[in-house]
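Peer 1:
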Amino acid sequence: IGAVLVTVNTAYKVHEAEYLLRQSDTHTLVMIESALDSNYAQIINELCPEIAATAPGEQLRCKRLPFLRNVITVGFQMPGCLTFEQAFDRAELVPLEKVLRMAAEVKPDDVCNMQYTSGTTGFPKGVMLTHRNVVNDGKCIGDRMGLSTADRFMIHVPMFHCFGMTLSMTSSMTHGTTMCPMPYFSAKASLSCITQEKITAFNGVPTMFIAMFNHEDYRKTDFSHMRTGIMAGAGCPPDLMKRAAQPDEMNMTGIVSVYGQTESAPGSTMSAWTDPLDLRTETVGYAFPHVECKIINPNTGEEMPDGTMGEFCSRGYNTMKGYYKMPQATFDTVDEEGWLHSGDLLMRDERGCYVATGRIKDMIIRGGENVYPKEIEDFVITHPKVSDCQVIGVPDEKYGEEAMACIILMEGEQMSEDEIRAYMKANIARHKVPRYIRFVDSFPMNAAGKI
13 IGAVLVTVNT AYKVHEAEYL LRQSDTHTLV MIESALDSNY AQIINELCPE IAATAPGEQL
73 RCKRLPFLRN VITVGFQMPG CLTFEQAFDR AELVPLEKVL RMAAEVKPDD VCNMQYTSGT
133 TGFPKGVMLT HRNVVNDGKC IGDRMGLSTA DRFMIHVPMF HCFGMTLSMT SSMTHGTTMC
193 PMPYFSAKAS LSCITQEKIT AFNGVPTMFI AMFNHEDYRK TDFSHMRTGI MAGAGCPPDL
253 MKRAAQPDEM NMTGIVSVYG QTESAPGSTM SAWTDPLDLR TETVGYAFPH VECKIINPNT
313 GEEMPDGTMG EFCSRGYNTM KGYYKMPQAT FDTVDEEGWL HSGDLLMRDE RGCYVATGRI
373 KDMIIRGGEN VYPKEIEDFV ITHPKVSDCQ VIGVPDEKYG EEAMACIILM EGEQMSEDEI
433 RAYMKANIAR HKVPRYIRFV DSFPMNAAGK I
C-alpha cells in the first residue's frame with residue numbers, strides 16, 4: 013500500500029532510538045518487549061510518557077516524538093498500545109477497494125525502505141531504498157548464489173541491515189527459497205539449525221564464521237547439505253573463505269563474496285557460486301547486470317586503469333534515492349551524473365573483477381608511504397596461532413602515523429610480540445610491519461557484525 017518500512021537497529025538504546033524515530037518521522041512503531049540488553053518497552057515509555065494516558069487505538073500525541081501516532085506490541089501488552097492481533101482486526105475497518113486502490117498507486121521508484129547507516133562512518137543517515145532498488149538487487153544476488161526452491165536458507169544476520177533484508181531475505185523470496193530466520197546470532201543456535209533444518213545456504217560476516225569454527229559444537233554439525241553462502245560485511249580473509257568451502261569443513265563449496273554498501277541496496281559486484289574458487293575468495297566479483305562500475309582517483313575524479321587502486325563508484329538501478337531530509341549529504345555522495353561515490357578503495361583486475369582494500373579514511377600514511385590495513389590483516393591471519401586481526405593507525409611524531417595490530421589468538425594458543433613481528437618481517441615489507449602489537453580477547457562490534 014506504499015507504507016515505508018523504517019528498520020531499527022535492535023541494539024539501540026534511548027538516545028539512538030529517539031534520533032531515528034524523530035529523524036525518520038516515524039508514524040507507527042511495531043515492537044517486541046525486549047531483546048538481549050535492550051528493553052524497548054522501557055525506552056518508549058521514557059521517550060513517550062504520554063502513552064500511559066492514551067487509550068488503545070487512540071492516536072498518540074508525544075512531545076519528543078511529534079510524528080508518532082501508533083505503537084503496536086508483539087508478544088506483550090502495554091498501556092496505550094494495540095497488540096499485533098488487535099491491529100490485524102482493525103483491517104476490517106478499511107474497505108478492500110481502498111486498499112486495492114492504494115496498492116495500484118505504488119510505483120517501482122517509490123521508497124519502500126529506509127535503512128539507517130550504522131554510524132561507523134558518522135552520524136546515522138536514512139538511506140531511502142526503492143522497490144526497484146531492493147527487488148532487482150535481491151534477484152541478482154539470488155541468481156549468483158544459484159538459489160532455487162530446493163534451498164533452505166538460514167538467516168542469522170540482522171534483518172534491520174541490508175545483509176539480512178536484501179542479501180538474505182529478498183534473494184530468497186525472488187527465488188522461492190525456504191527461509192529459516194533466527195532472532196539473533198548465536199554460534200550454538202546456528203550450528204544446531206544447520207543440522208536440524210538441513211540448511212543449504214547462509215550468509216555472515218567473518219567474525220560469525222570464526223565464532224562457528226571455534227565453537228565446541230562445530231565438529232558435531234552436519235554440513236552435508238550445505239552448498240553456498242556469502243561472506244561479506246568486512247574484510248574477508250581468503251584463507252577463511254577457503255576453509256569454509258572445504259568439504260571436510262563447512263562444505264560451502266559455492267561460497268561467494270559481494271561488495272557494496274547500504275546506499276547501493278547493497279550489492280554492486282559479486283562472484284557467482286560456479287566461478288573458480290580463487291576468483292570467489294580473492295576478489296569481490298564483477299559488476300551486476302545493468303550496474304556500471306569504475307575506479308577513480310579520489311582527488312581528481314580521473315578514471316584509473318585496471319590494476320590501479322582508487323575509489324569505487326557505481327551507477328545503476330541499485331543506487332539509492334537519497335538520504336532522507338539530508339540533501340547536502342546526498343549531493344556529496346551521488347554526483348550530478350548519478351555516480352555513487354563509495355569512499356572505499358578497490359582495484360579492478362584484467363578479468364574485470366574487483367579487489368577491496370579498505371576505506372579511504374582507514375588508509376595509514378606512514379612517513380609518506382601508504383599502508384593499507386586490510387593487506388596486513390589478511391597476512392597476519394595466515395599464522396596458525398592467529399584467529400583474527402585488525403590494524404589501525406595511531407599518531408606518531410616522527411612518521412605522522414604508525415600501524416597498530418590488534419590480534420585475537422586461537423583458543424589455547426600463546427604468542428609473544430617478537431614472534432608475530434618476526435613472522436611479519438620475514439614476509440612483508442618493513443614499512444608495513446606494525447610498530448605496535450596488542451593481543452586482545454575480542455573486538456568491539458556493532459549489531460551488524462562490523463568492528
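Using our numbering, you'd call the opening residue of the sequence shown number 13 and step up by one each time.
Just so you know, even glycine gets a beta-carbon here, dropped at the ideal spot from N, CA and C.
Bear in mind that the values here come from a model prediction, so they are computed numbers and not experimental data.
1. Using DSSP with H/G/I as helix, E/B as strand and the rest coil, what is Leu-72?
2. Give the secondary structure of Pro-250 by DSSP, where H, G and I count as helix, E and B as strand, and everything else as coil.
3. By the three-class DSSP mapping on this structure, what secondary structure does Leu-77 have?
4. Apart from the five residues just before and just after Leu-72, which ones in its own chain have a Cβ nearer than 8 Å to its Cβ?
5. Taking just the CA atoms, how far does Met-359 sit from His-39?
6. For Arg-164, does the count of other Cβ atoms within 10 angstroms reach 16, so buried, or fall short, so exposed?
7. Using the rule of at least 16 other Cβ atoms within 10 Å of the residue's Cβ for burial, across every protein chain shown, is Tyr-196 buried or exposed?
8. Please report how far the alpha carbon of Val-16 lies from the alpha carbon of Met-126, in whole angstroms.
9. Here's the rule: buried if 16 or more other CB atoms are within 10 angstroms of the residue's CB, otherwise exposed. What is Gly-350?
10. Would you grab the beta carbon distance between Ile-206 and Thr-189 for me? Rounded to a whole angstrom, and I think it's under 8 Å.
11. Looking at Ala-257: is its Cβ nearer than 8 Å to the Cβ of Ile-267?
12. When you compare only the Cα positions, how much space is there between Lys-397 and Ser-428?
13. Quick one: Cα of Thr-132 to Cα of Gly-176, how far?
14. Across which residues does DSSP place Arg-378 in a beta bridge pair?
15. Which stretch, first to last residue, makes up the alpha helix (DSSP H) that contains Lys-110?
16. Taking the C-alpha atoms as reference points, what is the distance between Met-114 and Ile-449?
17. Report the three-state DSSP secondary structure of Tyr-230 (helix, strand or coil).
18. Thinking C-alpha only, which one of Ala-284, Ser-204, Gly-247 and Glu-104 is nearest Arg-231?
19. Would a C-beta distance cut-off of 8 Å place Ala-417 and Val-403 closer than the cut-off?
20. Take Tyr-411 as the anchor and find which of Tyr-435, Lys-306 and Glu-381 has the nearest alpha-carbon.
21. At 3 residues or longer, what runs of the beta strand (DSSP E) sit wholly inside the segment 268 to 295?
22. Where in the segment 26 to 74 do unbroken runs of the beta strand (DSSP E), each at least 3 residues long, occur, reported from the N-terminal end onward?
23. Taking the CB atoms as reference points, tell me whether Tyr-335 and Gly-138 lie closer together than 8 Å.
24. What are the boundary residues of the beta strand (DSSP E) that includes Ile-190?
25. Is Asn-309 buried or exposed, if buried means 16 or more other CB atoms sit within 10 Å of its CB?
26. Bridge partners of Ala-415, per DSSP?
27. Per DSSP, what are the beta-bridge partners of Cys-124 in this structure?
28. So the candidates are Cys-365, Glu-362, Asp-390 and Gly-355; which of them puts its Cα closest to the Cα of Asp-374?
29. Near Gly-158, what residues of its chain come up, given a Cβ to Cβ distance below 6 Å and the 5 sequence neighbours on each side ignored?
30. Would you kindly report the start and end of the unbroken beta strand (DSSP E) that includes Gly-150?
31. So, under 8 Å CB-CB, Leu-32 and Val-42 are touching, yes? Tell me the CB distance rounded to an integer number of Å.
32. Any heavy atom of the ligand SAH closer than 7 Å to the beta-carbon of Thr-219?
33. So Met-224 and Ala-199 are supposed to be a Cβ contact under 8 Å. How far apart are they, rounded?
34. For Gln-273, which residues from the same chain have a beta carbon less than 7 Å from its beta carbon, with the 5 sequence-adjacent residues on both sides left out?
35. Using only CA atoms, which one of Phe-172, Ser-326, Ala-53 and Arg-292 lies nearest to His-302?
36. Quick one: give me the first and last residue of the beta strand (DSSP E) that Phe-96 is part of.
Peer 2: Well, looking at it:
1. By 1-based counting over the sequence shown, the position of residue 72 is 60. Residue state, collapsed to three classes: coil.
2. Taking the sequence shown and counting its residues from 1, the one referred to as residue 250 is at position 238. Helix at Pro-250.
3. What you label residue 77 is simply residue 65 of the sequence shown in a count that begins at 1. Leu-77 carries a coil assignment under DSSP once its states are collapsed to helix, strand and coil.
4. As a working mapping, residue 72 is identified with position 60 in the sequence shown. Closer than 8 Å at Cβ, skipping near neighbours: Cys-60, Glu-62, Ile-63, Thr-66, Leu-80, Arg-81, Asn-82, Val-83 and Gly-92.
5. Taking the sequence shown and counting its residues from 1, the one referred to as residue 39 is at position 27. Taking the sequence shown and counting its residues from 1, the one referred to as residue 359 is at position 347. Those two C-alpha atoms are separated by around 43 Å.
6. Mapped onto the sequence shown, residue 164 falls at position 152. Buried.
7. Numbered from 1 along the sequence shown, position 184 holds the residue referred to as residue 196. Under this definition Tyr-196 is an exposed residue.
8. The residue you call residue 16 lines up with position 4 of the sequence shown. The residue you call residue 126 lines up with position 114 of the sequence shown. Near 7 Å, if we compare the C-alpha coordinates of Met-126 and Val-16.
9. For the purposes of this step, residue 350 is identified with residue 338 of the sequence shown, where counting begins at 1. Gly-350 is exposed by the Cβ-count criterion.
10. For the purposes of this step, residue 206 is taken as residue 194 along the sequence shown, with counting starting at 1. For the purposes of this step, residue 189 is taken as residue 177 along the sequence shown, with counting starting at 1. Contact between Ile-206 and Thr-189 does not hold, since the beta-carbon distance rounds to 15 Å and is not under 8 Å.
11. The residue given as residue 257 occupies position 245 in the sequence shown. The residue given as residue 267 occupies position 255 in the sequence shown. Yes. Within cutoff.
12. Looking up residue 397 in the sequence shown gives position 385. Looking up residue 428 in the sequence shown gives position 416. Lys-397 and Ser-428: Cα-Cα distance of roughly 11 Å.
13. Position 120 of the sequence shown holds residue 132. Position 164 of the sequence shown holds residue 176. Below a pLDDT of 50, predicted positions are generally treated as unreliable, and Thr-132, at 48, falls in that range; the measurement from the model is reported next regardless. If I take the Cα positions, the gap works out to 18 Å.
14. For the purposes of this step, residue 378 is identified with residue 366 of the sequence shown, where counting begins at 1. Glu-381.
15. The count along the sequence shown starts at 1 and reaches residue 110 at position 98. Unbroken alpha helix (DSSP H) run through Lys-110: 108 to 116.
16. Position 102 of the sequence shown holds residue 114. Position 437 of the sequence shown holds residue 449. Cα-Cα distance, rounded: 59 Å.
17. Locating residue 230 in the sequence shown gives position 218, counting from the first residue. Residue state, collapsed to three classes: helix.
18. As a working mapping, residue 231 is identified with position 219 in the sequence shown. Minimum Cα distance to Arg-231 is reached at Ser-204.
19. As a working mapping, residue 417 is identified with position 405 in the sequence shown. As a working mapping, residue 403 is identified with position 391 in the sequence shown. Cβ atoms of Ala-417 and Val-403: closer than 8 Å.
20. As a first step, residue 411 must be located in the sequence shown, where it is residue number 399. That would be Glu-381, whose Cα lies nearest to the Cα of Tyr-411.
21. 270 to 272 and 279 to 282
22. 40 to 43
23. As a working mapping, residue 335 is identified with position 323 in the sequence shown. As a working mapping, residue 138 is identified with position 126 in the sequence shown. Closer than 8 Å, so yes.
24. Position 178 of the sequence shown, counting from 1, holds the residue named residue 190. Correcting the residue type first, residue 190 is Thr in the shown sequence and not Ile. Start and end: 190 to 193.
25. Locating residue 309 in the sequence shown gives position 297, where the first residue counts as 1. Per the 10 Å Cβ criterion, exposed.
26. Taking the first residue of the sequence shown as 1, we reach residue 415 at position 403. Within the DSSP bridge table, the entry for Ala-415 names Gly-405 as partners.
27. Locating residue 124 in the sequence shown gives position 112, where the first residue counts as 1. In DSSP, Cys-124 forms no bridge with anything.
28. The count along the sequence shown starts at 1 and reaches residue 374 at position 362. Answer by Cα proximity: Gly-355.
29. The count along the sequence shown starts at 1 and reaches residue 158 at position 146. Excluding positions up to five away in sequence, the list reads Trp-285.
30. In the sequence shown, counting from the first residue as 1, residue 150 sits at position 138. Premise fails: Gly-150 lies in the alpha helix (DSSP H), 143 to 157, not in any beta strand (DSSP E).
31. As a first step, residue 32 must be located in the sequence shown, where it is residue number 20. As a first step, residue 42 must be located in the sequence shown, where it is residue number 30. Between the beta-carbon of Leu-32 and that of Val-42 there is about 14 Å, and that puts the pair past the 8 Å contact cut.
32. By its list of ligands, the structure shown contains no ligand whatsoever, and the ligand SAH lies outside what it can speak to.
33. Position 212 of the sequence shown holds residue 224. Position 187 of the sequence shown holds residue 199. A Cβ-Cβ separation of about 5 Å places Met-224 in contact with Ala-199 under the 8 Å criterion.
34. By 1-based counting over the sequence shown, the position of residue 273 is 261. Exclusion of the five residues before and after Gln-273 leaves Ser-354 as the residues of its chain whose Cβ lies within less than 7 Å of its Cβ.
35. Along the sequence shown, one-based indexing puts residue 302 at 290. Nearest of Phe-172, Ser-326, Ala-53 and Arg-292 to His-302, Cα basis: Ser-326.
36. Within the sequence shown, the letter at position 84 stands for residue 96. Counting along the chain, Phe-96 falls outside any beta strand (DSSP E), though it belongs to the alpha helix (DSSP H) covering 96 to 101.
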